Amino acid sequence: MKITYLGHASISIETKDKTLLIDPFITGNELATTIDINKLQADYILITHAHQDHILDVEAIAKRTGAKIISNFEIVTHFEAKGIEGHPMNHGGKWKFDFGTVHYTNAIHSSSFPDGSNGGQPGGFVIETSHHRIYIAGDTALTYDMKLIPDVIGELDLAILPVGDNFTMGIDEAIKASTFLNCNKILGYHFDTFGYKKINHKEAFTKFANAKKELHLLPIGGNIKL
Numbered sequence: 050m051k052i053t054y055l056g057h058a059s060i061s062i063e064t065k066d067k068t069l070l071i072d073p074f075i076t077g078n079e080l081a082t083t084i085d086i087n088k089l090q091a092d093y094i095l096i097t098h099a100h101q102d103h104i105l106d107v108e109a110i111a112k113r114t115g116a117k118i119i120s121n122f123e124i125v126t127h128f129e130a131k132g133i134e135g136h137p138m139n140h141g142g143k144w145k146f147d148f149g150t151v152h153y154t155n156a157i158h159s160s161s162f163p164d165g166s167n168g169g170q171p172g173g174f175v176i177e178t179s180h181h182r183i184y185i186a187g188d189t190a191l192t193y194d195m196k197l198i199p200d201v202i203g204e205l206d207l208a209i210l211p212v213g214d215n216f217t218m219g220i221d222e223a224i225k226a227s228t229f230l231n232c233n234k235i236l237g238y239h240f241d242t243f244g245y246k247k248i249n250h251k252e253a254f255t256k257f258a259n260a261k262k263e264l265h266l267l268p269i270g271g272n273i274k275l
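Just add 49 to the spot in the sequence shown (first one is 1) and you have the numbering used here.
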């Protein structure tokens, strides 16, 4: 599994034979000018919630690639009205796709489309393939619900957590979240894009190291492999 950071909360995940995009917000991110959305591949686009900084490029990429949307009912319905196929889910549910199983998890945040219409409840995902299991938290506060993930779904190979603070968890909360998740390998995201979310990278690495946890903060376009 190859995981590429596309900036902000946008991630590309390449499994054995499918490519998943998470929350594509690229053309509106001045830090992500090296990423060309016309060259991105996607078989599926997973959307955690309806805020513009998570859905901006969904329509353009889905219509070019034919990618299927996976999200909550309200978000899938929104994009189906634009002629894009989707698979609706809700909290606590799971579904087996041709790349693996997706579990739809809780998140504590808000969710509305840029025009103010209802985006349903925010969520996160656990993606299980035949070889790996990763958690994508979405925009969320620290929550005790995270403790249920390893107990109910199983041991994680990687947790992708927001670390930018203000709108989501910050560094200290992400460390606690990794303990709840029983996962010591963390990919941080949702940081640095806007002024409210600038973080001190050196301090973040030091705090994670002191907690005996492995933090990855990738450059845009950078990747890790599992």
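For each residue, glycine too, the CB sits at the ideal point set by N, CA and C.
Keep in mind that this is a model prediction, so the values were computed, not measured.
Considering Cα atoms alone, identify which of the options is closest to residue i.
i    : options                   : result
I198 : A190, S227 and G219       : S227
K251 : H265, F243 and H239       : H265
H336 : L205, P171 and S166       : Any property of residue 336 remains undetermined from this structure, which presents the chain solely from 50 to 275.
P171 : G149, H98, T82 and T150   : H98
I133 : E123, K143, K145 and I118 : I118
F122 : A109, N87, N167 and H100  : N167
A253 : V212, K131 and G142       : V212
I71  : I248, K143, L89 and F162  : L89
D221 : Y245, N249 and L207       : N249
V107 : T150, L267, K65 and S59   : S59
Please name the residue or residues paired with residue i in a DSSP beta bridge.
i    : result
H152 : K143 and V175
I71  : I60 and L95
Y184 : V175 and A208
E263 : K234
H136 : I119
N167 : S161
N272 : T53
For residue i, which residues of its own chain have a beta-carbon under 7 Å away from its beta-carbon, when the five flanking residues on both sides are left out?
i    : result
I157 : T189, A190 and T192
E129 : G135
K22  : No answer is possible for residue 22: it lies beyond the span of the chain, which begins at 50 and ends at 275.
Grab the span of the alpha helix (DSSP H) containing residue i for me, first residue to last.
i    : result
T53  : First-last for T53: K51 to Y54, but that is the beta strand (DSSP E), not the alpha helix (DSSP H).
E123 : F122 to E129
T192 : Unbroken run through T192: none, as it is neither H nor E.
K225 : I220 to F229
D102 : Q101 to I104
T114 : V107 to T114
Nearest-angstrom Cα distance between residue i and residue j?
i    : j    : result
I209 : H239 : 10 Å
D102 : H127 : 16 Å
M218 : G115 : 33 Å
K196 : N259 : 22 Å
A111 : Y93  : 8 Å
H57  : D85  : 15 Å
D200 : D194 : 11 Å
M138 : G169 : 11 Å
H140 : F229 : 19 Å
A81  : F74  : 9 Å
T242 : G77  : 10 Å
L236 : D164 : 31 Å
A223 : G187 : 12 Å
L105 : I185 : 19 Å
N215 : R113 : 34 Å
K262 : L275 : 17 Å
Identify, in the order they occur along the chain, each residue of the same chain with its Cβ nearer than 6 Å to the Cβ of residue i, setting aside the five sequence neighbours on each side.
i    : result
I202 : H152 and V175
K67  : D92 and F148
T53  : S61 and N272
K247 : D241
T83  : G270
E63  : K51
For residue i, I'd like the list of residues in its chain whose CB is within less than 8 Å of its CB, leaving aside the five on either flank, ordered along the chain.
i    : result
N231 : P199, E204 and L205
S161 : A99, H100, N167 and G168
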